[in-house]
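Visitor: Dumping the structure here so I can ask a few things about it.
2 protein chains.
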Amino acid sequence: MTDLLLNERELEFQLYEMLDTEALLQRPRYAEHDRGVFDETLRTARTVAAEYFAPHNHKGDAEEPTFDGQRVHLIPETKAAWDAFADAGFLAAHHDAEDGGLQLPEVVLRACTAYFYAANISTVAYSFLTIGAANLVKSFAAPELRERFLPSMLDGRFSGTMALTEPGQGSALGDIRTTARPAGDGTYRVFGQKMFISGGDHELTDNIVHMVLARIEGAPAGVKGISLFLVPKRLVNADGSLGERNDVALAGLLHKLGYRNTTSTVLSFGEKDGAVGYLVGEAHKGLSYMFQMMNEARIGVALGASCLAYQSFIHALDYARERPQGRLLSNKDPLSPQVRIVQHPDVRRMLLQQKAYAEGSLSLCLYASSLVEDAHSAPSETERSNAAELVELLIPMVKSFPSRYGVMASDIGIQVLGGAGYTREYPLEQYYRDNRLNPIHEGTEGIHGIDLLGRKIGQNGGAGYRLFLAKVHATLVEVSADATCAPLAARLGDALGILEQVTAELQDQVRADAALGHANATLYLDVFGRVLVGWLWLRMARIASGALEAGAEGSEADFYRGKLQAARYFMDWELATLEGQARVLREGNSVCFDMRDEWF
Amino acid sequence: MTDLLLNERELEFQLYEMLDTEALLQRPRYAEHDRGVFDETLRTARTVAAEYFAPHNHKGDAEEPTFDGQRVHLIPETKAAWDAFADAGFLAAHHDAEDGGLQLPEVVLRACTAYFYAANISTVAYSFLTIGAANLVKSFAAPELRERFLPSMLDGRFSGTMALTEPGQGSALGDIRTTARPAGDGTYRVFGQKMFISGGDHELTDNIVHMVLARIEGAPAGVKGISLFLVPKRLVNADGSLGERNDVALAGLLHKLGYRNTTSTVLSFGEKDGAVGYLVGEAHKGLSYMFQMMNEARIGVALGASCLAYQSFIHALDYARERPQGRLLSNKDPLSPQVRIVQHPDVRRMLLQQKAYAEGSLSLCLYASSLVEDAHSAPSETERSNAAELVELLIPMVKSFPSRYGVMASDIGIQVLGGAGYTREYPLEQYYRDNRLNPIHEGTEGIHGIDLLGRKIGQNGGAGYRLFLAKVHATLVEVSADATCAPLAARLGDALGILEQVTAELQDQVRADAALGHANATLYLDVFGRVLVGWLWLRMARIASGALEAGAEGSEADFYRGKLQAARYFMDWELATLEGQARVLREGNSVCFDMRDEWF
């Protein structure tokens with residue numbers, strides 16, 4: 001199975017043909033590197049993922065974590081994988097060299113993480129959560145606190161979690177009830193219960209650093225009274241040595257459809273005297289700190305979904321190429337040999353659909369990562385702020401498209417295999433189960449739709465939206481001279497026109513009646529997402545067309561022809577339904593809004 | 001959980017308002033019954049399903065069957081459920097009174113089976129497979145063979161299976177390799193391996209009667225050389241007593257994504273001297289016998305999918321009504337109480353979508369069952385043959401729409417619950433897993449699409465298709481005077497026009513190039529399915545509108561208003577994409593057809 005781990009050529013295409021990742025070497029932060037360093041890092045990621053993560057992906061699912069009332073038990077391969085990831089330097093790779101990091105660009109590291117997601121999304125979750133928690137500590141914790149915890153989170157001695165959700169509040173963070181009481185010595189005592197905390201308990205590391213959202217006693221209600229605390233599982237002495245157990249207890253493990261080797265926990269803080277917690281940054285600003293990390297977390301979820309989609313695609317393709325069954329419609333001779341199922345047109349349709357979703361999603365996530373990178377390190381202030389505007393606008397689609405269409409790609413993978421796809425003897429059903437979480441965590445489509453329509457579209461006077469339109473228009477102009485791509489550009493041009501019109505009319509609707517105007521925002525999100533991914537497919541098609549014109553041969557030519565065909569599929573098939581959906585939006589359809597509870 | 005078992009009012013609506021099930025009492029076969037008998041049978045089904053099936057639905061999934069090399073172990077509740085089903089007479093209910101049956105109409109029994117599917121689809125599979133196998137024995141076996149096996153299959157001593165699929169052949173039945181050698185005494189010795197045989201081994205019954213497709217030595221190749229054999233697990237003496245073990249061995253259990261309490265087996269026939277098999281009916285006609293049962297099996301799969309969709313809907317609704325989270329968009333006061341999530345417009349959209357899929361699917365399956373009933377027992381030959389034509393035409397959609405949209409309804413159910421939906425602490429994730437099998441068994445969409453376009457549409461000079469068009473046109477005329485339904489009828493009228501045009505053009509395409517013309521048949525199947533279900537929703541809307549006009553009040557009025565709103569949803573949202581998809585079909589889009597293996 002390890003030989004079916006993403007596709008190096010595809011990642012290379014995204015990094016160096018779609019994105020100009022080599023140009024990053026011109027930026028001062030990366031001047032010490034060269035392309036060889038990027039490629040070597042990618043190879044290391046692939047090797048570690050293939051050797052330490054992929055082999056127990058199925059086992060970690062079949063033998064999920066257990067809690068004996070005292071300890072959590074994971075299959076031992078999980079610890080070996082954790083160590084290999086840390087030893088290869090990936091926990092710290094994006095940090096500056098002076099902090100012990102490799103000072104590598106965001107987008108290169110994202111491409112590295114793709115291998116881990118593809119190999120074993122639930123084992124690698126411990127590592128990625130730790131990276132996220134460490135980013136919060138690094139960015140917002142006071143120097144003393146940072147010194148005490150960060151080095152151990154970068155070298156793999158400590159792991160981390162993000163403890164936001166509570167049983168009674170779900171996605172509505174403003175209703176967080178966990179409280180923090182000042183202890184008088186600058187620390188706090190934290191009381192409350194958190195739920196769905198991934199990696200919330202295990203014995204992979206000496207300690208677990210929980211980044212906890214809580215409300216300081218007397219704080220304002222709602223989102224403006226939430227603070228961020230660092231609450232370790234075990235206390236850490238000033239010299240860095242481990243102290244006693246903090247008052248954080250595992251109340252229980254949740255049992256999930258997929259992602260099974262990641263513990264999902266209910267954690268109790270302060271069942272005794274209160275859990276010792278350290279305020280991170282300023283009081284009442286917890287949610288804004290968390291939000292600064294959220295875009296990256298959302299790209300991470302989306303990339304995970306993309307990689308599971310990709311794995312579903314290549315495993316289905318592998319099966320379809322090997323499995324003989326039936327004959328072509330034109331052949332009525334029962335004595336003739338069976339054909340491989342990849343030769344059946346409907347199987348090709350399914351594989352092409354998977355390819356369009358998986359590669360489109362992957363491209364979207366890496367593009368978004370490049371924007372995050374540009375927002376930090378692009379040479380000019382204008383480039384940095386434009387990238388930041390654009391990524392803010394696009395995040396709802398970046399999160400939602402790969403999550404939604406990724407599950408579809410996994411679903412189609414089962415269908416390609418038929419009965420075999422439904423059995424646990426093949427990996428498809430696990431990808432399907434694992435992938436089903438992605439449309440939920442880091443914001444459902446319902447939440448992102450409202451965020452898009454109610455906030456992002458009009459943000460800063462619509463600056464991000466205008467940037468996006470300008471970029472798509474520029475591509476349309478750029479490809480207009482390419483006879484191969486012109487028909488694709490025509491389809492995308494129509495789709496963009498539909499999007500522009502719908503957007504304008506929905507903004508009017510929101511102004512006229514905010515509640516009704518937002519009612520169909522999820523559909524709008526989906527429409528926008530397909531136009532966005534359509535744009536990326538047009539760009540991929542243009543590159544492919546150019547490479548073929550330039551004389552690409554053999555497997556390279558096949559690679560580019562596949563890109564072109566997937567782009568055609570996306571334009572002809574996926575954009576075909578936009579107009580009808582836009583009609584629903586434009587008429588301000590109120591059928592769902594008008595439905596009443598008692599009529600169900 | 002047993003209180004959330006379908007909805008009696010919904011079944012009543014389908015049987016007595018959508019369908020005129022009471023009119024069946026005029027037919028000689030049912031003259032002895034009255035409506036009270038139908039209702040009592042439905043109540044019995046509900047009670048047995050709730051008491052013996054629903055309580056172990058989760059347990060049968062969590063503790064799936066195991067094979068110790070000698071015996072298959074099932075949780076003991078499975079046997080109690082088997083017995084309760086048999087004791088209530090459901091194994092024989094559709095048979096004539098003189099054969100020990102209840103002589104009940106197909107459509108009433110289908111409605112009864114809905115309760116079992118909803119309660120525990122994998123435990124009841126043993127019973128339904130037995131009913132299918134018994135139907136084959138009854139219809140095609142010679143009297144002596146029938147006498148020896150049928151009574152025990154009707155009273156629950158023996159169970160049955162359908163053994164079609166083999167490891168090397170999958171859906172291509174013409175490639176069956178299992179062979180039958182004449183033993184010289186009128187019996188045969190069967191050799192070969194069968195795979196994905198549901199209920200292929202267990203100890204619920206004294207014996208298992210396998211209905212096996214095999215090829216008599218020297219038979220023609222392909223589908224015309226396949227015969228049907230009865231191969232019991234244990235031989236049965238002429239006096240009905242059990243003899244020794246037959247040469248049928250369990251090679252292994254398959255481990256599935258869902259439907260876990262149904263054993264899925266690999267069976268080896270004839271590892272020693274050959275399994276004793278009895279030819280059923282005439283040699284080489286096995287596939288035609290099987291096909292005569294297949295429509296009913298397909299309606300069964302579709303009904304199972306519909307019921308899982310319905311369960312996903314009502315569990316999501318129940319959660320949405322209880323779960324407080326967040327506030328309405330208009331309310332910025334963080335101190336105000338949270339609302340139940342059913343009040344969020346996007347949650348209502350999801351629930352309405354589930355309702356539209358689940359009730360539309362249920363309606364479709366019961367309508368198809370009523371056609372099967374009419375084909376057998378309608379008063380005139382014309383009515384019987386029309387019903388038979390229509391059911392033949394519609395079966396591809398009857399199988400495919402509930403399977404495809406049922407999984408979507410289960411998927412949406414997870415989304416309504418959010419993180420909770422993803423955990424095994426709630427039943428949604430199991431419905432999702434169970435339901436995922438339904439788009440595969442009894443024919444994938446790929447197979448049904450080709451069957452529809454290549455065979456069914458033109459069958460008997462297009463008689464079935466013309467009947468369908470006439471029926472929809474008649475409904476459009478009938479509702480035109482109803483101001484409430486007129487806008488819905490307008491949408492459906494447009495959709496029907498699209499379908500007619502697409503159908504005509506696709507038939508031209510098939511004539512011009514059969515392979516290319518069939519390439520997009522799956523999309524055509526989906527388009528046809530939505531028009532068909534749209535028609536049923538229009539009829540449901542008309543009934544609801546009439547009932548409201550007639551003064552329905554209270555919960556009855558709410559029920560009908562819900563029907564109207566779901567119909568509006570279906571017309572406005574689900575039919576919105578037809579036109580764009582029809583364009584893909586009408587242009588004879590060849591993107592998927594042209595894709596080559598080496599380009600992937």
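Protein chains in written order, with the UniProt record's numbering: chain A, 1 to 600; chain B, 1 to 600.
The beta-carbon is built from N, C-alpha and C at its ideal position, and this holds for glycine as well.
Nothing here was measured: the structure is a model prediction, and the numbers come from that model.
Whole angstroms are fine: how far does the CA of residue 246 (chain B) sit from the CA of residue 278 (chain B)?
Guide: 12 Å
Visitor: Please name the residues in the segment 124-152 of chain B whose beta-carbon is closer than 9 Å to at least one beta-carbon of chain A, in chain order.
Guide: none
Visitor: Let's test the definition: count the other Cβ atoms within 10 Å of the Cβ of residue 96 (chain A) and tell me whether it reaches 16, buried, or not, exposed.
Guide: exposed
Visitor: Please compile the residues from chain A whose C-beta is within a distance smaller than 8 Å of the C-beta of residue 440 (chain B).
Guide: 414, 415, 418, 419, 421, 422
Visitor: Beta carbons nearer than 9 Å to chain B: which residues of the UniProt domain "Acyl-CoA oxidase/dehydrogenase middle" (162-268) of chain A have them?
Guide: Listed by position, the residues of the UniProt domain "Acyl-CoA oxidase/dehydrogenase middle" (162-268) of chain A near chain B (Cβ gap below 9 Å) are 165, 168, 169, 170, 171, 172, 174, 175, 195, 196, 220, 221, 222, 223, 224, 225, 254, 255, 256, 257, 258, 259, 264.
Visitor: Alpha carbon to alpha carbon, what distance is there between residue 416 (chain B) and residue 367 (chain B)?
Guide: 29 Å
Visitor: Taking Cβ-Cβ distances shorter than 7 Å, what residues in chain E pair up with residue 592 (chain B)?
Guide: The displayed structure is made up of protein chains A and B, and chain E is not among them.
Visitor: Compute the distance between the beta-carbons of residue 183 (chain B) and residue 190 (chain B), then report whether it is under 7 Å.
Guide: no
Visitor: Quick check: the segment 58-67 of chain A against the segment 260-279 of chain A, are at least 3 beta-carbon pairs closer than 8 Å?
Guide: Touching, yes.
Visitor: Check the Cβ-Cβ distances between residue 330 (chain A) and every residue of chain B, and say whether any is below 7 Å.
Guide: yes
Visitor: Under three-state DSSP, which class holds residue 230 (chain A)?
Guide: Note: residue 230 (chain A) maps to strand in three-state DSSP.
Visitor: Under 7 Å, Cβ to Cβ, is there at least one residue of chain A near residue 276 (chain B)?
Guide: Using a CB distance cut-off of 7 Å, residue 276 (chain B) does not count as an interface residue toward chain A.
Visitor: Determine, using beta carbons only, whether residue 251 (chain B) and residue 566 (chain B) come nearer to each other than 7 Å.
Guide: no
Visitor: Measuring alpha carbon to alpha carbon, tell me which of B:242, B:20, B:507, B:494 ends up nearest residue 105 (chain B).
Guide: Answer by Cα proximity: B:20.
Visitor: How long is the line joining the alpha carbons of residue 13 (chain B) and residue 378 (chain B), rounded to whole angstroms?
Guide: 22 Å
Visitor: Using a threshold of 7 Å, state whether the C-beta atoms of residue 582 (chain B) and residue 498 (chain B) are closer than that.
Guide: With respect to residue 498 (chain B), residue 582 (chain B) sits close: the two C-beta atoms are nearer than 7 Å.
Visitor: Check whether chain B comes within 7 Å of residue 1 (chain A), counting only Cβ atoms and requiring the distance to be less than that.
Guide: Its pLDDT being 40, under 50, residue 1 (chain A) is placed unreliably by the model, and nothing is read from it.
Visitor: Taking C-beta to C-beta, are residue 303 (chain A) and residue 67 (chain A) nearer than 7 Å?
Guide: No; because the gap between Cβ atoms is not below 7 Å, this pair is not in contact.
Visitor: Assuming residue 525 (chain A) and residue 445 (chain A) make a contact with CB atoms under 8 Å, what is their CB distance in whole Å?
Guide: 6 Å
Visitor: Taking the alpha-carbon positions, what's the residue 209 (chain A) to residue 230 (chain A) distance?
Guide: Going by the C-alpha atoms only, they are around 7 Å apart.
Visitor: Among A:128, A:108, A:310, whose alpha-carbon lies nearest the alpha-carbon of residue 82 (chain A)?
Guide: A:128
Visitor: So residue 200 (chain A) packs on residue 267 (chain A), CB below 8 Å; how close in whole Å?
Guide: 5 Å
Visitor: Measure the beta-carbon distance from residue 352 (chain B) to residue 464 (chain B) and round it to whole angstroms, keeping in mind my assumption that it falls under 8 Å.
Guide: Their Cβ separation, rounded to whole angstroms, is 32 Å, which puts residue 352 (chain B) and residue 464 (chain B) out of contact at 8 Å.
Visitor: Would you mind giving the Cβ-Cβ distance between residue 52 (chain A) and residue 80 (chain A), rounded to the nearest angstrom? I have them listed as a contact below 8 Å.
Guide: 6 Å
Visitor: Could you tell me which residues DSSP puts in a beta bridge with residue 193 (chain A)?
Guide: When DSSP reads this structure, residue 193 (chain A) sits in a beta bridge with A:268.
Visitor: Could you confirm whether any beta carbon from chain A is found closer than 7 Å to the beta carbon of residue 4 (chain B)?
Guide: It does not: the Cβ of residue 4 (chain B) has no partner Cβ on chain A nearer than 7 Å.
Visitor: Taking the alpha-carbon positions, what's the residue 425 (chain A) to residue 419 (chain A) distance?
Guide: 11 Å
Visitor: Whose C-beta lies closer than 7 Å to the C-beta of residue 535 (chain A) among residues of the same chain, with five residues either side of it excluded?
Guide: 472, 475, 492
Visitor: Using a Cβ-Cβ cut-off of 7 Å, state whether residue 334 (chain A) counts as contacting chain B.
Guide: yes
Visitor: Take residue 207 (chain B) and list the residues in its own chain whose beta-carbon comes closer than 8 Å to its own, dropping the five residues that flank it on each side.
Guide: 152, 157, 158, 159, 232, 233, 234, 236, 242
Visitor: Based on DSSP bridge pairs, tell me the residues matched to residue 291 (chain A).
Guide: DSSP lists no partner for residue 291 (chain A).
Visitor: Residue 599 (chain B) versus chain A: which residues are under 7 Å apart at the beta carbon?
Guide: Under the 7 Å cutoff, chain A gives 558, 561, 562, 565.
Visitor: When DSSP labels each residue in this structure, what does residue 221 (chain B) get in the three-state scheme?
Guide: DSSP places residue 221 (chain B) in the coil class of the three-state scheme, outside both helix and strand.
Visitor: Does DSSP put residue 426 (chain B) in a helix, in a strand, or in coil?
Guide: coil
Visitor: For residue 461 (chain B), is the classification buried or exposed, using 16 other Cβ atoms within 10 angstroms of its Cβ as the cut-off for buried?
Guide: If you draw a 10 Å sphere on the C-beta of residue 461 (chain B), you find fewer than 16 other C-beta atoms in it, and that means exposed.
Visitor: Are at least three pairs of beta-carbons, each pair with one atom in the segment 160-176 of chain A and one in the segment 209-223 of chain A, less than 8 Å apart?
Guide: yes
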